[in-house]
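Everything in the sequence shown is counted per this note's numbering, starting at -3 for the first residue and increasing by one. Contents: one structure, followed by commentary.
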Amino acid sequence: MRHNDRAASAPWIRTRLRTAPGAATALAVLVLVTAFLAAAFPRAVDAYETKGLRHDILTADAGRSTLEVARPQPGLELPQAQRDAEARSPELARIGSGLLKALPAPLRADTSSVAYGVRTSKPAVANEPWLPRPEAVPPQLSYVAQSGLKEHATLASGAWPTTPREVTSDSRAVQGAVTEETAAELKVKAGATITLLTAAQEPITVTITGIVAPRDPRDSYWSADPLLRTPSLVLDTASPFPVHYWTGTVLLAEDSGPALLSTAAEPVLFWRIPPDPAGLTGPDDARLTSVIASLESGPGLLKVREIAGDTAVFATGLGHIVEANARMRDAISPVIAVAALGIGSVAAVVLLMTGALIAGRRKAELALMRSRGGSLRGIGGRLLAETAVTVLPASALGLLLATLAVGEARWWPGALAAAGVGLLVCVALPLRTTLQHIRPTLHGAREDMVSARPSRRRTVAELTLLVLAVGAVAALRRRGTSTEGGTDLLVSAAPVLVALIAALVLVRLYPLPLRLATRPVARLRGAIGFLSLARAGRSSAGGALPLLALLLALATAAFGGSVIAGIGDARDDAALASVGADARISGASERATLPDELVRTVRDLDGVRGAAPVRVEYSVNMPESVAGDGGADGDDAGTSTGTGSADDAKVAALVGVDPASYAELARATGLPAFPAARLKATGSSAPLPEGAEAGPDRVLPAIASPAVAARLGKEPRAIETLSGDFEVQVVGTVPRVASVSPTDFLVVNSAALEQKAPTTLLLTGAPDPGKLRAAVEGSGKEYAVQLRSEERARYVNTPMQAGAERIYLAAVAAGAGYALLAVLLSLLQTAPERKTLLARLRTMGLTTGQGRKLLAFEATPQALLAAGGGLFTGWATIALLSPGIDLVPLALAGVAGSDTSPVLLRTDLWSLALPAAGVVALAAAVAGVQAWWASRRGSITELRAGDSR
């Protein structure tokens, strides 16, 4: 019996697939795309987290990322031969090999750059008269006998340092080398000798036999200790006067370490092990942090001391790098979770809509089987087998494509996601279809959205979702997307819940305008309007599902578009705050002024639209705060957004500007409006003749930052500056200015200053960078040229930021695509009924043009409802959630000197309008195509004898 059942199952599945190959193919394609997106998302997150961790380790300073094991020189109680042996290469190499083998996973070493040897930890004074002494202080040199010099350097001149005879603690002559940079700065030549004193003040002669050039200066071999490669001029902290001296490193022959044991320069034995991040993955950061902590002060350190000695210490900054990477990941993950939950919800609803469409098309067939004695288990089993044959291979193929598209990532999150898609379709479609036939149904029951009344269960469910949505939004506004315990799924699902509530509310309100519009339209002469509204209200009671899909998709697309737009705006604003305009020219020092000829030359360059010379003086002391004075009235001078207080503005920047050109610059760059008229130089603030000195009672009108205005008050206050001593009276406030980055500033008319020469020139337009720099270099002095475009390019995405942005771009595209697919599915669900309606009406005299109008007018209410609801839902979601989402980790994290003030979401009109317009356009296009296709088929084809439609 069972054998016969199995034999009968195969023909049923083959017959069904052959009968409706188009539907099976469409379902397989939809599942394939959805499974691909579902599997690609966790793999993409893994990939950008992995690349981000490796990028942070590779780009970090080698002095921070390198693992270093060091121990003091062998004890003086040991025999001299043993002390010398421990400082030679064979013993150091043996210990180094043991340390490499003892590194715990996932920590791995870059063996090509491992270095070990003996170095002095205390610089020694070099008194050779030919060495440079910039302020009469002799240089202090370090000495290192490090392995691998020939492998990491090339010989520029002279010969490699060697050990002609075995070096011991008693040796008083060794050979060494220096790099080209050290030789250039310290005037060292091949053949020169430097004296290094022992602890007994006996001289050790170090002969510089060669000058070497690093093969890769950025390699950890040279960068772990930058003095190996480049000398430095440092401040003598022991001197009562500010004097500087040179410090650098001499590279001794590899086996010369024993000679350093006799010096008083505190020699140490060291092993430098650069990490190899090639094998690390994003999820390894927790294990990596634990392993490093163990090596620094835990069981790992005990194992290191078993190999390198009881006095060995382990030091590295790698743990801080990994922790910073984890902080950025934790800050980005909640924002990414918003997009993931949004698109996942849209995809799930669209899959359910597909199941509803298939169930609706097969309702009559399954009702007939049920009326003839078919059991629910038998019908459900056949539907499950029929669905699984199509869906499971599509899910597997989607997983395979995601694996090929996103190469390096964990396999199981993507596999679970793809399996979840297949399971949802395999279970939801048979379950939804069979539940409709628990009881045999009779044909002819009308499902009208206007007359349908929601049940009590539906009301309770909607109220429950409303409470969840309000709680999620309130939590997000109060604490943001980041929580100490990780990503809060309820908070990240707030946009989904808001869209869900909006869909339920719109479905509740949808019948009201239909009822109101039907009455006046019924009195009109034509029947098209009345029929279209009547048809618009005859959608099934499950019409909430298409609307929910559309609102979710549009809200997610709007949210993702706002994130992308917010990132771009934040980087543009940060670049503008750093440069002040499209281009900036300033002196090498703060007090350097720009010649008039340079200003005229640059102003005449092609592409320069405007030039504003500015005189900037930093660190001007402000007078004591005026108690009880609220500062200037800033009615026409901009609105303050700062939070600084009068007590904070003890020091401010004085900015002298030409009011007209600076106001034009502010308008061109989008800065707050600058009240140029208030700085007009008249009366006591009239321009001074060239070379004239201003009296202390001279009063200049000034535009100030809010904090400075609060400190100075409304009355004139005296200040002392390098540009002259005068009194200032605050006549307005602005929150920011283009010329300075500090938040505290005071802007005056430069024509009223004793010293008028500009220190900075701000340009608007798009000048050619090469011509601009050539014009500046032609002045004969060194001036710094900054371009806003180049500053903007500094905010190059790290792999983690770039990956998060790509996910949001994919969220926008997927949201728009699923929205259009939801419209198409909702129209296809009623397509047979529409074609039958047109055929019947044509037999009553309906023309082709009227049929097209009828379908277009019928689709308009649903399309406008979805588009308008999507616009409102997207805008409301962004408005409600923007206070709780900070885009700094996505926009500016990792860029030194960037503004780290909160970057909030803003509504992006394109992300709102384009998907909504696409919904309306697609609905109209589908209706037109249906009308055109129905007009080509005869009424006899549609109206067959015995058809129940």
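All residues carry an ideal CB built from backbone N, CA and C; glycine is no exception. As the structure is a prediction and not an experimental result, all values here were calculated from the model.
Bridge-paired residues (DSSP) for residue i
{"i": "Pro671", "result": "In the DSSP output, where bridge partners are listed per residue, Pro671 has none listed."}
{"i": "Leu247", "result": "Val140, Ala173"}
{"i": "Tyr112", "result": "Trp267"}
{"i": "Leu151", "result": "Val208"}
{"i": "Phe741", "result": "Ala649"}
{"i": "Arg67", "result": "Leu265"}
{"i": "Glu361", "result": "Answer is none; Glu361 lacks a bridge partner."}
{"i": "Phe310", "result": "Val65"}
{"i": "Arg580", "result": "Leu758, Gln782"}
{"i": "Phe722", "result": "Ile715"}
{"i": "Val121", "result": "Gln136"}
{"i": "Gly728", "result": "Ile699"}
{"i": "Pro240", "result": "Looking at the sequence itself, residue 240 is His, so the reference to Pro does not match. DSSP, once it has assigned bridges, lists Leu231 as partnering His240."}
Close-in-space but distant-in-sequence residues of the same chain around residue i (CB under 6 Å, 5 per side omitted)
{"i": "Arg84", "result": "Asp251"}
{"i": "Leu675", "result": "Pro655, Pro697, Asn745"}
{"i": "Val922", "result": "Leu823"}
{"i": "Ala762", "result": "Gly603"}
{"i": "Arg168", "result": "Ile200"}
{"i": "Thr178", "result": "Pro227, Gly244"}
Buried versus exposed, by CB contacts within 10 Å (16 or more), residue i
{"i": "Val140", "result": "buried"}
{"i": "Gln197", "result": "exposed"}
{"i": "Thr158", "result": "exposed"}
{"i": "Lys118", "result": "exposed"}
{"i": "Ala180", "result": "exposed"}
{"i": "Trp408", "result": "exposed"}
{"i": "Ala948", "result": "An answer regarding residue 948 cannot be provided, because it is not within the stretch -3 to 945 covered by the chain."}
{"i": "Gly277", "result": "For the sequence presented, residue 277 should be read as Thr rather than Gly. So Thr277 ends up on the buried side."}
{"i": "Ala608", "result": "buried"}
{"i": "Pro160", "result": "exposed"}
{"i": "Thr869", "result": "buried"}
{"i": "Ala495", "result": "buried"}
{"i": "Asp592", "result": "exposed"}
{"i": "Ser878", "result": "buried"}
Contact under 8 Å by Cβ, residue i with residue j
{"i": "Val744", "j": "Leu696", "result": "yes"}
{"i": "Ala490", "j": "Ala457", "result": "no"}
{"i": "Thr259", "j": "Ala195", "result": "yes"}
{"i": "Asn327", "j": "Pro885", "result": "For the sequence presented, residue 327 should be read as Ala rather than Asn. Closer than 8 Å, so yes."}
{"i": "Val651", "j": "Ala34", "result": "no"}
{"i": "Val754", "j": "Leu548", "result": "The residue asked about is misnamed: residue 754 is Pro in this sequence, not Val. Against a cut-off of 8 Å, the Cβ pair of Leu548 and Pro754 comes out as no contact."}
Span of the alpha helix (DSSP H) around residue i
{"i": "Tyr217", "result": "216 to 219"}
{"i": "Val25", "result": "17 to 55"}
{"i": "Arg378", "result": "372 to 401"}
{"i": "Tyr658", "result": "655 to 665"}
{"i": "Ala274", "result": "Run containing Ala274: none; DSSP gives neither H nor E here."}
{"i": "Pro102", "result": "Where Pro102 is concerned, there is no enclosing alpha helix (DSSP H), given that its DSSP letter is neither H nor E."}
{"i": "Thr159", "result": "Careful: Thr159 lies outside any alpha helix (DSSP H) and carries neither H nor E."}
Residue i - containing beta strand (DSSP E), residue span
{"i": "Gln78", "result": "Note, Gln78: premise wrong, no beta strand (DSSP E); alpha helix (DSSP H) at 76 to 82."}
{"i": "Ser228", "result": "228 to 231"}
{"i": "Ser615", "result": "604 to 617"}
{"i": "Ile715", "result": "713 to 717"}
{"i": "Val695", "result": "695 to 700"}
{"i": "Thr597", "result": "Where Thr597 is concerned, there is no enclosing beta strand (DSSP E), although the alpha helix (DSSP H) it sits in stretches over 592 to 599."}
{"i": "Thr430", "result": "Element bounds for Thr430: not the beta strand (DSSP E) but the alpha helix (DSSP H), 407 to 431."}
{"i": "Leu883", "result": "Where Leu883 is concerned, there is no enclosing beta strand (DSSP E), given that its DSSP letter is neither H nor E."}
{"i": "Arg223", "result": "Here residue 223 is Leu; the residue named in the question, Arg, does not match the sequence. It is not in any beta strand (DSSP E) - Leu223 carries neither H nor E in the DSSP assignment."}
Residue-level contact to chain D via CB, residue i, 8 Å cutoff
{"i": "Val899", "result": "No chain D appears in this structure, which consists of one protein chain only."}
Residues near residue i in its chain [Cβ-Cβ closer than 7 Å; skip 5 each side]
{"i": "Ala149", "result": "Val208, Ala209, Pro210, Arg211"}
{"i": "Gly624", "result": "Since pLDDT at Gly624 reaches only 49, below the 50 mark, its modelled position is unreliable, and the value read off the structure follows with that caveat. Result list for Gly624: empty, nothing under 7 Å."}
{"i": "Asp272", "result": "Arg104, Ala105, Asp106"}
Spatial neighbours of residue i in its chain, beta-carbon cut-off 8 Å, leaving aside the 5 residues before and after
{"i": "Leu860", "result": "Val916"}
{"i": "Arg358", "result": "Thr429"}
{"i": "Leu95", "result": "Val65, Trp267, Ile269, Val300, Ile303, Ala304"}
{"i": "Ser228", "result": "Pro222, Trp242, Thr243, Gly244"}
{"i": "Ala872", "result": "Val494, Ala498"}
{"i": "Lys767", "result": "Leu601, Asp602"}
Residue i Cβ short of 7 Å to the ligand GDP heavy atom set
{"i": "Pro238", "result": "Among the components of this structure there are no ligands whatsoever, and the ligand GDP is therefore not found."}
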